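Numbering (the working numbering), first residue to last: 71 to 404.
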């Protein structure tokens, strides 16, 4: 593995964490275990009385101010009883965002600790029973975002078309998608032209565009009995509210159950808040947009396990979805 998370970098990160356990009151004998490599590196701090999750941030993706803003929304959602989500844990100095220094001279890293919540990620095969609940939870977050008074220093990314698939996209150029050829590029250009026309007509009014989680994929859900807990607000920012559904089916957009997942999500959403037909009808557009965006993400994060697992096959699947979308067939029976 090369790039952001080359093997030697991961070892350095683990050492940085182990050398700074005292910041969160964790005994030095606690075990530091790597849980996940994705946008960030996530570690479990466990044993000897410790049980925390530590997120070590990717270099250059989120500023300390952006991370504090993310945590401000998390704490507001918790305080207002909107959803169940993990409590951020401050360091001994009272600061939620800590800065770790590399002993090897690599870049410093921001790090945030969270309480560890019970539950497990729903499997792709048993996700359907949870999507109605996810629709309810999403509607509650959207309702909260519409009325919450953000702190003056609140700063989060704006996930609009320019930020997703424009020339200065946060996740890099979609044209760099793994295995994408000239014919595929032309097909995605046509799909994006249609997406742009539809979304321009849809608009960015406050009833349709605001603060969203922006990454409700299965890996960020914890199912536990009757509880559905939401974690990892690292990508939260300003985007279309209906974009949140598209993130819920990230990487599984071709699953035959997606129409049923969408139906369940809409049913749950409408139990909590109104959802006009014009908004529900545009959800397939956001799913295709998200799928193209994820192609860019996989290309720019090629060192992480999921990118290596999915590779060019995900790009080929994206082309199939784009073709269905252009013919008016993708999720068209909704």
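Heads up, the beta-carbon is just placed ideally off N, CA and C, and yes, glycines get one too.
Here the structure is a predicted model, which means the values were calculated and not measured.
{"Asked": "Hey, quick one: how far does the alpha helix (DSSP H) through residue 360 stretch, first residue to last?", "Found": "353 to 370"}
{"Asked": "Pull up the CB-CB distance for residue 111 and residue 126, whole angstroms please, since I reckon it's below 8 Å.", "Found": "5 Å"}
{"Asked": "Rounded to the nearest angstrom, how far is the Cβ of residue 82 from that of residue 169, given a contact under 8 Å?", "Found": "About 15 Å; that fails the 8 Å criterion."}
{"Asked": "Please state whether DSSP places residue 79 in a helix, a strand or coil.", "Found": "helix"}
{"Asked": "Can you name, in chain order, every residue of its own chain whose Cβ lies under 7 Å from the Cβ of residue 85, other than the five neighbours on each side?", "Found": "173"}
{"Asked": "Closest to residue 255 by CA distance: which of 365, 144, 97 is it?", "Found": "365"}
{"Asked": "Taking only the alpha-carbon atoms, compute the straight-line gap between residue 75 and residue 374 and give it to the nearest angstrom.", "Found": "7 Å"}
{"Asked": "Beta strand (DSSP E) containing residue 288: first to last residue?", "Found": "From DSSP, residue 288 is part of no beta strand (DSSP E); its letter is neither H nor E."}
{"Asked": "Mark residue 140 as exposed unless 16 or more other C-beta atoms lie within 10 angstroms of its C-beta, in which case mark it buried.", "Found": "buried"}
{"Asked": "In chain order, what residues of the same chain lie with their CB nearer than 6 Å to the CB of residue 265, ignoring the 5 residues before and after it?", "Found": "355, 359"}
{"Asked": "Given this structure, state the Cα-to-Cα distance separating residue 234 from residue 400, to the nearest angstrom.", "Found": "21 Å"}
{"Asked": "Under three-state DSSP, which class holds residue 158?", "Found": "strand"}
{"Asked": "According to DSSP, what are the bridge partners of residue 168?", "Found": "181"}
{"Asked": "Name, in chain order, the residues that DSSP records as bridge partners for residue 111.", "Found": "107, 126"}
{"Asked": "With residue 185 and residue 156 assumed to form a contact (beta carbons below 8 Å), what rounded beta-carbon distance in angstroms separates them?", "Found": "5 Å"}
{"Asked": "Tell me the start and end of each unbroken alpha helix (DSSP H) in the segment 225 to 295 that is at least 4 residues and wholly inside, in chain order.", "Found": "231 to 235, 252 to 272"}
{"Asked": "Give the DSSP-derived three-state secondary structure of residue 121 in the structure shown.", "Found": "strand"}
{"Asked": "What are the boundary residues of the alpha helix (DSSP H) that residue 138 is part of?", "Found": "134 to 149"}
{"Asked": "Taking Cβ positions, are residue 226 and residue 307 nearer each other than 7 Å?", "Found": "yes"}
{"Asked": "Does residue 388 pass the burial test, meaning 16 or more other C-beta atoms within 10 Å, or should it be called exposed?", "Found": "buried"}
{"Asked": "Can you give me the C-alpha to C-alpha distance between residue 313 and residue 87, rounded to a whole angstrom?", "Found": "34 Å"}
{"Asked": "Quick one: what does DSSP say residue 309 is sitting in, helix, strand or coil?", "Found": "strand"}
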